[in-house]
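Participant: My structure is below; once you've seen it, I'll send some questions.
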Amino acid sequence: MRVQLPLINAVHGRSALTCRFRCGDACSQPAPNTSANPYVGDVIAAALSRRSVMRAAAVVTVAAAAGTAVAVPDAEAAPMKGTRRGTRKGTSHGKGARGLRFAPVAPNTADTVTVPAGYAQNVVVRWGEPILRGAPAFDPERQTAAAQAGQFGYNNDFLALLPLPGERGRQVLVANHEYTDEVLMFRGYDAANPTREQVEIAWAAHGLGVVVVEENKRNGALTLVPRHPLNRRVTATTEFRLTGPAAGSDLLKTSADPTGRKVLGTLNNCSGGTTPWGTTLHGEENFNQYFANASRTTDKRYGIGTGASERKWERFDRRFDVAQEPNEPHRFGYVVELDPYDPSSTPRKHTALGRFKHEGATVRLTHDGRPVVYSGDDERFDYFYKFVGSKRMRKGAGRAVREHNLSLLDEGTLYVARLTGDSPALEIDGTGKLPADGEFDGGGEWIPLATATAKGAVSHVEGMTADEVFVFTRLAGDKVGATKMDRPEDIEPNPRTGKVYVALTNNTNRGVGANAPADEANPRNANKHGHVLELTERWNRADSTEFGWTLFLVAGDPEDPATYFAGFPKDHVSPISCPDNVAFDPHGNLWISTDGNQLGSHDGLFGVATRGERRGELKQFLTVPTGAETCGPLVQDRRVLVAVQHPGEINGATVEKPASTWPDGPGKIVRPAVVAVWREDGTDIGL
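Take the position in the sequence shown, starting the count at 1, then add 248; the result is the number in our numbering.
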């Protein structure tokens with residue numbers, strides 16, 4: 249018998265509290281994308297005339313171990329075929345895929361982090377713990393903005409763990425602090441009348457955090473090293489530098505910054521990535537919710553409201569009032585780059601990567617050393633993108649090398665994805681039933697939007713300048729006919745195979761009323777569980793402009809005929825719902841964290857094999873507490889890290905009436921935190 253998760257918004261699987269504070273209740277509003285772009289299903293018929301060509305074309309193949317590729321001679325991108333749905337004959341169930349040999353955690357609603365038998369855990373760092381010199385101990389009844397600016401921020405999301413040369417047993421942990429839950433932070437909070445101190449505390453609780461952590465020599469626990477010289481807080485009032493082709497544009501100038509090159513703060517940082525040159529990237533996602541009193545069509549396309557904001561920040565700083573500062577929202581929605589090894593450095597916002605609700609940003613190098621950045625726009629019926637840099641990364645640690653590498657994301661071409669299926673439209677009926685060829689798959693192309701060089705930028709979109717493309721990137725995607733997807737979130741290339749995985753969380757509006765029906769890349773109407781798309785760049789080159797794709801995983805209850813696990817027997821997988829952030833372990837397995845589980849249990853972290861006879865074998869590794877989301881997964885040889893975000897975020901919950909007592913137990917305020925998990929015997933994860 250399934251347990252039911254109480255107090256969940258039936259429209260989109262999150263609590264109403266989550267909807268208010270994370271994204272300004274975006275899912276209850278009309279989708280911002282009202283363009284007439286064709287859906288994949290609309291262009292399927294056109295693909296039929298060349299279907300015989302597609303079937304005859306050579307298929308991209310990747311030598312997984314060597315990372316080599318076989319060329320595709322056809323002028324079109326041949327789809328990368330996956331195993332057909334159903335049970336593979338002769339599959340041995342044994343111990344599981346390498347890296348996934350653990351007893352899966354059963355779905356549950358326990359108010360704790362539940363891990364497999366034989367594994368242990370510890371809280372690495374909580375909201376409010378002092379990390380900078382002079383910061384006081386956390387006192388929930390005596391919070392101040394000055395104290396919070398020196399303490400670990402709220403709602404940790406993306407995590408990066410970087411080496412710390414010269415300090416044995418220590419690493420640098422970088423975290424996003426996406427947003428604040430004021431009703432869970434402040435006793436007696438009045439949402440209609442926040443105080444200035446509460447607002448300034450929230451500003452200080454947003455942003456990024458850098459903390460040095462130390463490994464316990466006796467086990468896998470990580471502990472905070474307070475007051476380390478590298479520890480740092482970046483907040484909603486920290487100065488940032490706008491870089492790239494739109495920096496200095498009239499679209500970015502404000503009364504406080506007539507240069508259009510400096511902006512205060514970063515907001516709603518969701519997921520991110522690390523770069524090969526040792527920095528971290530952070531995606532500004534639901535920035536629209538912080539702004540009030542918008543009226544323009546461009547603001548509406550980004551979901552910026554016409555009335556007051558949820559947090560009422562516009563009462564305390566005019567830059568959040570669009571009527572007074574119309575260009576201020578144009579300065580958010582970018583990918584932020586941070587140098588965690590230089591606490592005095594000014595973080596950058598890269599306009600060349602476009603402005604939209606960046607879920608994250610992950611990097612892969614081309615064959616000649618140029619960066620390629622993948623990013624999804626986390627909105628119903630919006631797009632996913634990649635940026636291909638034109639400058640090569642340099643190796644070394646000198647200042648000149650560092651400065652060169654910090655400029656790599658300012659020159660190159662920004663692309664948006666257009667997908668086509670290879671099955672008749674009549675075979676995509678919205679139930680998730682497979683088409684006759686046995687797969688949801690097809691080809692696609694990367695459509696160029698604009699190119700930035702050292703001498704200037706050129707738009708590839710008719711009727712838009714380059715500045716407009718980089719600032720109003722969603723509108724550029726509309727104009728070129730990009731494919732509307734079911735909330736594209738985290739996008740990660742597999743470091744072993746080169747294949748790229750796109751997490752599509754859900755879209756309960758798909759096929760409902762006048763909304764777009766199912767198509768081959770988004771095959772279920774009222775899609776409440778989401779899916780994962782596997783993309784193979786042509787020739788396995790990161791700078792290719794063509795790709796093949798297949799649906800690797802269609803999430804939900806394995807007993808539901810509409811679900812699919814890359815062909816692995818469905819009676820040997822864990823149920824999964826609403827894939828969000830993804831990561832890879834050292835063995836090339838994909839790890840998926842969830843957000844908004846619609847199967848009646850808490851969100852969790854799952855590992856799934858991506859190749860071999862166990863491809864599609866999915867196992868749940870942990871669950872998180874009541875009301876929480878699983879974020880920032882990191883999977884190392886001997887440790888797994890997760891960010892437990894917004895525990896207790898259940899409709900009606902407050903400081904006085906908590907829905908969760910994690911992590912410190914009854915009588916203590918609920919606190920988002922980072923958790924480390926390791927094997928009790930000290931050996932590698934999943935072996």
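Note that CB positions come from ideal geometry on N, CA and C, so glycine has one too.
What you are looking at is a predicted structure, and each value in this text was computed from that prediction instead of being measured.
(1) Terminal residues of the continuous beta strand (DSSP E) containing Asn517?
(2) At the level of alpha carbons, what is the spacing between Met433 and Asn899?
(3) Would you kindly check if the distance between the Cβ of Thr471 and the Cβ of Val372 is under 8 angstroms?
(4) For the beta strand (DSSP E) holding Lys938, just list the boundary residues, first then last.
(5) Between Leu613, Asn763, Asn845, which has its C-alpha nearest Ala790's C-alpha?
(6) Pair every Cβ in the region 794 to 809 with every Cβ in the region 703 to 721, then say whether three or more of these pairs are closer than 8 angstroms.
(7) Measuring straight from C-alpha to C-alpha, what distance separates Tyr633 and Tyr538?
(8) Please report the distance separating the alpha-carbon of Ala439 from that of Ile449.
(9) How many angstroms separate the CA atom of Thr266 from the CA atom of Arg887?
(10) For Thr245, I'd like the list of residues in its chain whose CB is within less than 8 angstroms of its CB, leaving aside the five on either flank, ordered along the chain.
(11) Can you give me the C-alpha to C-alpha distance between His606 and Pro683, rounded to a whole angstrom?
(12) What three-state label does DSSP hand Met712 in the structure shown?
(13) Can the beta-carbon of Asn424 be found less than 8 angstroms from the beta-carbon of Asn517?
(14) How would you label Pro743, buried or exposed, when you count the other beta carbons within 10 angstroms and need 16 or more for buried?
(15) On the criterion of 16 or more Cβ atoms from any shown chain inside 10 Å, does Asn464 qualify as buried, or is it exposed?
(16) At the level of alpha carbons, what is the spacing between Arg416 and Arg772?
(17) Just the C-alpha distance for His788 and Arg374, rounded to the nearest angstrom, thanks.
(18) Compare the beta carbon distance of Pro355 and Ser849 with 8 angstroms and say whether it is the shorter of the two.
(19) So within the region 638 to 695, which uninterrupted alpha helix (DSSP H) runs reach at least 4 residues, ignoring any that extend past its ends?
(20) Whose CA, out of Gln884, Ala774, Pro817, Thr699, lies closest to the CA of Gly761?
(21) Does the region 685 to 692 come close enough to the region 473 to 493 to have 3 or more Cβ pairs within less than 8 angstroms?
(22) Does the distance from the CB of Val511 to the CB of Thr871 come in under 8 angstroms?
(23) Measuring CB to CB, does His777 end up less than 8 angstroms from Asn754?
(24) Going by other Cβ atoms of all chains shown within 10 Å of its Cβ, with 16 needed for buried, is Glu573 buried or exposed?
(25) Work out the CA separation of Ala810 and Ser592 for me, nearest whole Å.
(26) Take Leu781 as the anchor and find which of Arg566, Arg563, Glu768 has the nearest alpha-carbon.
(27) DSSP three-state call for Asp625: helix, strand or coil?
(28) For Thr745 and Pro388, I'd like the C-alpha separation in whole angstroms.
(29) By DSSP's criteria, Met733 is part of a beta bridge. Which residues make up the other side?
(30) Would you mind giving the Cβ-Cβ distance between Gln399 and Glu377, rounded to the nearest angstrom? I have them listed as a contact below 8 angstroms.
(31) Leaving out five residues on either side along the sequence, give the residues of the same chain with a beta carbon under 6 angstroms from the beta carbon of Glu576.
(32) Closest to Gly555 by CA distance: which of Phe564, Ala571, Val922, Thr699 is it?
(33) So, with DSSP's three-state summary, where would you put Lys510?
(34) Taking the alpha-carbon positions, what's the Gly836 to Ala857 distance?
(35) Between Phe564, Gly455, Leu654, which lies nearest to Asp590 when the distance is taken from Cα to Cα?
(36) Given that a residue counts as buried once 16 or more other Cβ atoms are within 10 Å of its Cβ, and exposed if not, what is Lys916?
Facilitator: Based on what the coordinates show:
(1) By 1-based counting over the sequence shown, the position of residue 517 is 269. Run containing Asn517: 517 to 522, per the beta strand (DSSP E) assignment.
(2) By one-based count along the sequence shown, residue 433 stands at place 185. By one-based count along the sequence shown, residue 899 stands at place 651. Approximately 15 angstroms between the Cα atoms of the pair.
(3) As a first step, residue 372 must be located in the sequence shown, where it is residue number 124. As a first step, residue 471 must be located in the sequence shown, where it is residue number 223. Yes, they are a contact pair.
(4) Because the chain here runs from 249 to 935, residue 938 falls outside it and cannot be looked at.
(5) Residue numbering aside, residue 790 sits at position 542 when the sequence shown is read from its first letter. For Ala790, the nearest C-alpha among the options comes from Leu613.
(6) no
(7) As a first step, residue 633 is located in the sequence shown; it is residue number 385 there, counting from the start. As a first step, residue 538 is located in the sequence shown; it is residue number 290 there, counting from the start. Taking the straight line joining both Cα atoms gives about 24 angstroms.
(8) Locating residue 439 in the sequence shown gives position 191, where the first residue counts as 1. Locating residue 449 in the sequence shown gives position 201, where the first residue counts as 1. About 15 angstroms.
(9) Position 18 of the sequence shown, counted from the first residue, corresponds to residue 266. Position 639 of the sequence shown, counted from the first residue, corresponds to residue 887. Rounded to the nearest angstrom, the two C-alpha atoms are 29 angstroms apart.
(10) The structure shown does not extend to residue 245, since the chain is modelled only from 249 to 935, so the question has no answer here.
(11) Indexing the sequence shown from 1 puts residue 606 at position 358. Indexing the sequence shown from 1 puts residue 683 at position 435. If you take the alpha carbons of His606 and Pro683, they lie about 32 angstroms apart.
(12) Numbered from 1 along the sequence shown, position 464 holds the residue referred to as residue 712. Looking at Met712 - three-state DSSP - the assignment turns out to be coil, as it is neither helix nor strand.
(13) For the purposes of this step, residue 424 is taken as the residue at position 176 of the sequence shown. For the purposes of this step, residue 517 is taken as the residue at position 269 of the sequence shown. Taking 8 angstroms as the Cβ cut-off, Asn424 and Asn517 qualify as a contacting pair.
(14) In the sequence shown, counting from the first residue as 1, residue 743 sits at position 495. Under this definition Pro743 is an exposed residue.
(15) Here residue 464 corresponds to residue number 216 of the sequence shown, with the count starting at 1. Asn464 comes out exposed.
(16) Residue numbering aside, residue 416 sits at position 168 when the sequence shown is read from its first letter. Residue numbering aside, residue 772 sits at position 524 when the sequence shown is read from its first letter. Rounded to the nearest angstrom, the two C-alpha atoms are 50 angstroms apart.
(17) In the sequence shown, counting from the first residue as 1, residue 788 sits at position 540. In the sequence shown, counting from the first residue as 1, residue 374 sits at position 126. In the sequence on display, residue 788 carries Asn and not His. Approximately 41 angstroms, taken between the alpha carbons.
(18) Counting from 1 along the sequence shown, the entry for residue 355 is found at position 107. Counting from 1 along the sequence shown, the entry for residue 849 is found at position 601. Yes; because the gap between Cβ atoms is below 8 angstroms, this pair is in contact.
(19) 647 to 653
(20) The sequence position of residue 761 within the sequence shown is 513, counting from 1. For Gly761, the nearest C-alpha among the options comes from Ala774.
(21) no
(22) For the purposes of this step, residue 511 is taken as the residue at position 263 of the sequence shown. For the purposes of this step, residue 871 is taken as the residue at position 623 of the sequence shown. No, these two residues do not count as a Cβ contact at 8 angstroms.
(23) Indexing the sequence shown from 1 puts residue 777 at position 529. Indexing the sequence shown from 1 puts residue 754 at position 506. It is a contact, given that the beta carbons lie within the stated cut-off.
(24) The residue labelled residue 573 in the question sits at position 325 within the sequence shown. Result: buried.
(25) For the purposes of this step, residue 592 is identified with residue 344 of the sequence shown, where counting begins at 1. For the purposes of this step, residue 810 is identified with residue 562 of the sequence shown, where counting begins at 1. Distance between the alpha carbons of Ser592 and Ala810: 52 angstroms.
(26) Residue numbering aside, residue 781 sits at position 533 when the sequence shown is read from its first letter. The option with the nearest alpha carbon to Leu781 is Glu768.
(27) In the sequence shown, the residue the question calls residue 625 occupies position 377. Strand at Asp625.
(28) The residue given as residue 745 occupies position 497 in the sequence shown. The residue given as residue 388 occupies position 140 in the sequence shown. Cα-Cα distance, rounded: 47 angstroms.
(29) In the sequence shown, the residue the question calls residue 733 occupies position 485. Beta-bridge pairing links Met733 to Asp630.
(30) Translated into positions along the sequence shown, residue 399 becomes position 151. Translated into positions along the sequence shown, residue 377 becomes position 129. About 6 angstroms; that satisfies the 8 angstroms criterion.
(31) Translated into positions along the sequence shown, residue 576 becomes position 328. Cβ neighbours of Glu576 beyond the five flanking positions: Thr502, Arg567.
(32) Along the sequence shown, one-based indexing puts residue 555 at 307. For the residues Phe564, Ala571, Val922, Thr699, the minimum Cα distance to Gly555 belongs to Ala571.
(33) Numbered from 1 along the sequence shown, position 262 holds the residue referred to as residue 510. Of the three classes helix, strand and coil, the one that applies to Lys510 here is strand, per DSSP.
(34) To locate residue 836, count along the sequence shown from 1; it is residue 588. To locate residue 857, count along the sequence shown from 1; it is residue 609. Using only the alpha carbons, I get a separation of about 7 angstroms.
(35) The residue given as residue 590 occupies position 342 in the sequence shown. The option with the nearest alpha carbon to Asp590 is Leu654.
(36) Along the sequence shown, one-based indexing puts residue 916 at 668. The residue in question, Lys916, is exposed, as its Cβ has fewer than 16 Cβ neighbours within 10 Å.
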